[in-house]
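S.K.: The sequence shown runs contiguously to residue 932 in my numbering.
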Amino acid sequence: MYQVAPFDLMPRSVPIEAALHQPSRLLAAENHVVPFHGRGGELDALGRWREGDGARSVALVHAGGGQGKTRLAARLAADSAARGWAVWAAHHRSDPIAEQVVAPGDPGRTLLLIVDYADRWPADDLLMLLSNPLLHRPRQCRVLLVARSANLWWPALQNRLAKAGLDTGPTLELPALAASHTDRQISYRVAHRAFSKALGLRNPPLPAVPTDLDGKAYDVALTLHMAALVSLDSFRLELTSPRDPLGLSRYLLDREHDFWQGLHDNGRVTTEPRIMRRAVHTAALTGTLPHAEAATALDRIGLSGAPPSVVVDDHAVCYPPRDPAAGVALEPLYPDRLAEDFLALSTPGHACAGYMPDPWAAGAAGRLLRPEQTPSPATGGLDRFRRKAQPPPPESVPPYTRSALSVLTDTARRWPHVAERELWPLLRARPQLAVDGGGAVVAALTEIAGVDLPALEAVEKCLPRHQDIDLAPGAAALGRVLTEHRLRLSDSPAERAGLHEALGTRLVQAGLWKEAVASFRSAVSIRRSLPDGGPPSNGPRLAGALSDLGIAMYRTGRQQPAVELMTEGIRLFRELRHSGVTVPVQDFAMALSNLGMALMEMGRGPEAEPYTAEGLRLRRRSARSGRPEAEAELAASLDNYGLLLYQSGRPREALPYVRDAAERYTKLHGVHPGRFDEDVSIALKNLGMVLDATGDAPGALDAARRACAIAAELARRNPSAYRRLHAFNLHGLAIRLHHQDRFEEALAAALQAHGIRSALAQDGSAPHALHLAETAGFVDTVLATLDRPAEAVPYAGEAVGLLRGLYEAEGPMYRAYFAGQLVALAQRLSQVDDPRAAWPLAAEAAGHLRAELRAAPDSPLRSALLMCLVVWAGLSKDLELWSEALVQITEAVDLFADLPGGTEEDDAWRQLLSATRAEILDALNGGAQDG
């Protein structure tokens, strides 16, 4: 999966003899031949980020190839090491043999981790790295991601990375190394001086600055360096130095050819240059591989004329592996941009004079990635349901598929003939390859100029219909491009509405709720405007779109408008059914379930129950079809109905429903891995909650742990879509642990949930603020249980601040909860000997609770008011406000007399009230004066 090793801070010296034969080696960033210069502002920004507050943080540096990203990261690494930081580098291991996670030991107190090619990492592997417990050991940890693009992979990852407790630092897109003509002259001369020394030139020529230095090509730092290097090498060999950027690449590649020829002529290798050229082509696509796998790749791509194992060994003479002990071969040509130019110039179709393409390179990537059909498994013994659900056996793909497609896509961005002749035909013929390449490759395809729409449409058909958390960001990017194209072609309002709906669904799957709202709103607007004579399906589709828009708006925090839209959708479904229009049962049931769920989460259980019960009845009928989707929908309704019963104080009635739901989801999870992970996680969380309420503490904790493990994996792979779920499950696990007196474990889970919810609440939405207040209040409770009131005060204060905002914005629906948290904060301030700050909080809480009881005299909040009055009276005693204390304790005694008796705590309350009242009266009778 990945390896973590100490960052190589020592420059790799390039012997003069090697540089004279292979000048391109001087361009590799890790050799540090050209001194760092021209990125002072970016280095300062990264230094401030490194030294900033906070325990853990992730930053991104991105730019196109050759802009100096690696050099900047290396300089930051060196500066950090000089300041006492441990500096590590993470390297992805794409081959199946190296399925291990390796780290170099204790990171110490401060750690900087650098991840190059971060955009090429599979999302799940990158998030696994960022979730590694090693990153939590240092007092401070900084992770610098280095990538070519900041496409959807970064926004998806950037959503606070709260699951790993990591904040987001700066996102730096590197501009041109030197923007002005003068700056470019300086950069050119710095490189010229460095290369002169590296080539051992005693009397180098004066720097001949390129005449077209102001051209856009010289925005790229690598081009400036290449120009300086080529001018010196050509002077040494008495050759004409090319002036255009393409000529620079061509010159350096010709020098590589000369090197291969020289090795062959002097007998150091037996592989002919023609064959070596093809091996270098292969290595540029695959990257390093174990020796046996490298030989297989050469055989697969169609290398003839020499035994593959011999070519692998000879290639290692030309391009020694960076880590000889790793047992790998096919080290690619560096820098990457030069390797991409080599691929493009080797591929027929370019118009660059002076560099002959190799006809063998046509279709090379397709040969390298050709499939091997996996034998079909025996079907005997499988029941009918499983036979229908199993897809055909997939084609096996080589382990370097992701690397090859990433390199091919990056090359196609700059070389149109590679896109037109290689990439697009390959994907039209085998679109599944793009899906196998991962979400980042799918997203990158949409950024190529002049995209091949038939190829993108073929890729779209290979995307799974169900949600796939790794592919979701790429699928959303693909959906955007194709939807925009199809909208331009369509003049059918109904078809246009359907396109918006399909895109909205893809955006929802990627966790892009705000964009989904815009898509669903467009669909609703179009469908509302259709005349009565529109397609017969328009009515049901409008009702479904209203429900989809409502649930998307609900997820963005606009609760009341969302409920109104979902209610309108259900009303329309009913009208259509009554008028004889055929309404898809699953769509109607989904709308009912969504509204019931939203109302339930808003604390409006009585309103939610009829919708949830009706949805459950409809789904029981649909589940008879045996479709896994229908079974999953039934499980969702069972779970929702069980929760309603639980929230109404009937946990034993709820238990059969939530248990049935968890069992159904668990079965589906086993038959269809990856498709129902989120659902089974939610069902297990709810089962744990209900089991806890019925007294089955061990069963409750087991269910909560299983739920949390699944949610953690989902959040690791796609934090944008699933960190909210992970926070819910962590909060539930913390409660289960607390109920079993496992307070330290409860605190750890609650703090992790608090970190996630703090990040989510940055969007300012009411649901996220409420969830953060819940968790902050629970952290306060656990710390108080552990007798750590000073640590608890900030969390209790945070909860009060959040709930005050909700109460002031939304009104009475939050008043009781707000009052309860005011009492908790007052108690905590009292415990840290600050009664003066606590007293007004208790007074405010009592006022809110009295108002609640006036509105609902039979409310169970009388017990809460009793607690508040006792706390308030105690604070008045501490402040020697004896008359106030007597009024408060007398109200508490009268309130207790009106409460129904028969609980185990009655005697304790009676003794506490009596003793407190007696103490106050004794003080007053003894002549005590109010302070």
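Note that CB positions come from ideal geometry on N, CA and C, so glycine has one too.
By how many angstroms is the C-alpha of Arg143 removed from the C-alpha of His137?
M.R.: If you take the alpha carbons of His137 and Arg143, they lie about 11 Å apart.
S.K.: Would you kindly work out how many angstroms separate the C-alpha atoms of Arg911 and Ala847, rounded to a whole number?
M.R.: Answer to the nearest angstrom: the Cα atoms are 20 Å apart.
S.K.: Would you check if the distance between the CB atom of Ile449 and the CB atom of Arg414 is smaller than 8 Å?
M.R.: Yes, these two residues count as a Cβ contact at 8 Å.
S.K.: Does Leu10 pass the burial test, meaning 16 or more other C-beta atoms within 10 Å, or should it be called exposed?
M.R.: The residue in question, Leu10, is exposed, as its Cβ has fewer than 16 Cβ neighbours within 10 Å.
S.K.: Would a C-beta distance cut-off of 8 Å place Cys353 and Leu346 closer than the cut-off?
M.R.: Cβ atoms of Cys353 and Leu346: closer than 8 Å.
S.K.: What does the Cβ neighbour count give for Ile17, buried or exposed, with the cut at 16 atoms within 10 Å?
M.R.: Looking at its Cβ environment, which holds fewer than 16 other Cβ atoms inside 10 Å, Ile17 is exposed.
S.K.: Anyone know if the C-beta pair for Ala20 and Ala199 falls short of 8 Å?
M.R.: Yes, the Cβ-Cβ distance between Ala20 and Ala199 is below 8 Å.
S.K.: Can you tell me which of the three DSSP states Gly875 falls into?
M.R.: Correct three-state label for Gly875: helix.
S.K.: Where do the N-terminal and C-terminal ends of the alpha helix (DSSP H) with Gln560 fall, by residue?
M.R.: Segment Gln560 to His579, the alpha helix (DSSP H) holding Gln560.
S.K.: Can you tell me whether Gln141 is helix, strand or coil according to DSSP?
M.R.: Here Gln141 sits in strand by DSSP.
S.K.: Arg57 by DSSP, collapsed to three states: which one?
M.R.: Note: Arg57 maps to strand in three-state DSSP.
S.K.: Pull up the DSSP beta-bridge partners for Asp168, would you.
M.R.: According to DSSP, which records beta bridges pairwise, Asp168 is partnered with Ser58.
S.K.: Go ahead and pull the three-state DSSP assignment for Leu290.
M.R.: Of the three classes helix, strand and coil, the one that applies to Leu290 here is strand, per DSSP.
S.K.: Who are the Cβ neighbours of Val34 in its own chain at under 6 Å, not counting the five residues just before and after it?
M.R.: The answer, listed in chain order, is Leu27, Ala195 and Ala199.
S.K.: Mind checking which residues open and close the beta strand (DSSP E) that includes Ala87?
M.R.: Run containing Ala87: Ala87 to His93, per the beta strand (DSSP E) assignment.
S.K.: Report buried or exposed for Ala492, applying the criterion of at least 16 other Cβ atoms within 10 angstroms of its Cβ.
M.R.: Contrary to the premise, residue 492 reads as Asp rather than Ala in this sequence. By the 10 Å Cβ count, Asp492 comes out exposed.
S.K.: Which value, in whole angstroms, describes the spacing of the CA atoms of Gln374 and Arg707?
M.R.: Below a pLDDT of 50, predicted positions are generally treated as unreliable, and Gln374, at 48, falls in that range; the measurement from the model is reported next regardless. Looking at the two C-alpha atoms, the distance is approximately 36 Å.
S.K.: Compare the Cα-Cα distances from Ala563 to each of Glu906, Pro308, Asn595 and Ala296 and report the closest residue.
M.R.: Answer by Cα proximity: Asn595.
S.K.: Looking only at its chain, what residues have a beta carbon closer than 7 Å to the beta carbon of Arg13, apart from the 5 residues adjacent to it on each side?
M.R.: Answer for Arg13: Glu31 and Asn32, listed in chain order.
S.K.: Given a threshold of 16 other Cβ atoms within 10 Å of its Cβ, counted over all protein chains shown, does Glu845 qualify as buried or as exposed?
M.R.: Counting Cβ neighbours within 10 Å, Glu845 comes out buried, since at least 16 surround it.
S.K.: Quick check on the DSSP output: what are the complete alpha helix (DSSP H) runs of length 4 or more inside the segment 714–747, in order along the chain?
M.R.: As far as the segment 714–747 is concerned, its whole alpha helix (DSSP H) runs of at least 4 residues are 720–740.
S.K.: Could you please give me the residues that DSSP links to Leu146 through a beta bridge?
M.R.: DSSP output for Leu146 lists Leu61 and Val116 as bridge partner(s).
S.K.: When DSSP builds the beta bridges, which residues end up paired with Thr111?
M.R.: DSSP output for Thr111 lists Gln141 as bridge partner(s).
S.K.: Spatial neighbours of His418 within its chain, please: CB distance less than 6 Å, with the 5 preceding and 5 following residues excluded, ordered by chain position.
M.R.: Taken in chain order, the residues that qualify are Gly350 and His351.
S.K.: Apart from the five residues just before and just after Gly934, which ones in its own chain have a Cβ nearer than 7 Å to its Cβ?
M.R.: Since the first residue of the chain shown is 2 and the last is 932, residue 934 is not available in this structure.
S.K.: Within 10 Å of its beta-carbon, does Ala6 have 16 or more other beta-carbons around it, so buried, or fewer, so exposed?
M.R.: So Ala6 counts as exposed.
S.K.: Between Pro24 and the rest of its own chain, which residues show a CB-CB distance below 7 Å, the 5 nearest in sequence each way excluded?
M.R.: Excluding sequence neighbours, Pro24 sits near Leu230, Asp234, Leu253 and Arg256.
S.K.: Thinking C-beta only, is Glu461 closer than 8 Å to Leu483?
M.R.: In this structure, Glu461 lies closer than 8 Å to Leu483 by Cβ.
S.K.: Between the Cα of Gly109 and those of Val116, Asp117, Ser530 and Ala87, spot the shortest distance and give me the residue it belongs to.
M.R.: Here the closest residue by C-alpha is Ala87.
S.K.: Does Arg816 pass the burial test, meaning 16 or more other C-beta atoms within 10 Å, or should it be called exposed?
M.R.: Per the 10 Å Cβ criterion, buried.
S.K.: With three or more beta-carbon pairs closer than 8 Å as the criterion, would you say the segment 884–898 touches the segment 855–870?
M.R.: These segments touch.
S.K.: Looking at the structure shown, is Glu273 part of a helix, part of a strand, or coil, going by DSSP?
M.R.: If DSSP states are grouped into helix, strand and coil, Glu273 belongs with coil.
S.K.: Would you kindly check if the distance between the Cβ of Pro652 and the Cβ of Ala694 is under 8 Å?
M.R.: Taking 8 Å as the Cβ cut-off, Ala694 and Pro652 qualify as a contacting pair.
S.K.: According to the Cβ coordinates, are Arg487 and Leu500 closer than 8 Å?
M.R.: For Arg487 and Leu500, yes; Cβs fall inside 8 Å.
S.K.: Can you name the start and end residues of the alpha helix (DSSP H) that Met591 belongs to?
M.R.: Segment Val586 to Glu602, the alpha helix (DSSP H) holding Met591.
S.K.: Going by DSSP, what residue range makes up the alpha helix (DSSP H) through Ile683?
M.R.: Start and end: Asp678 to Ala694.
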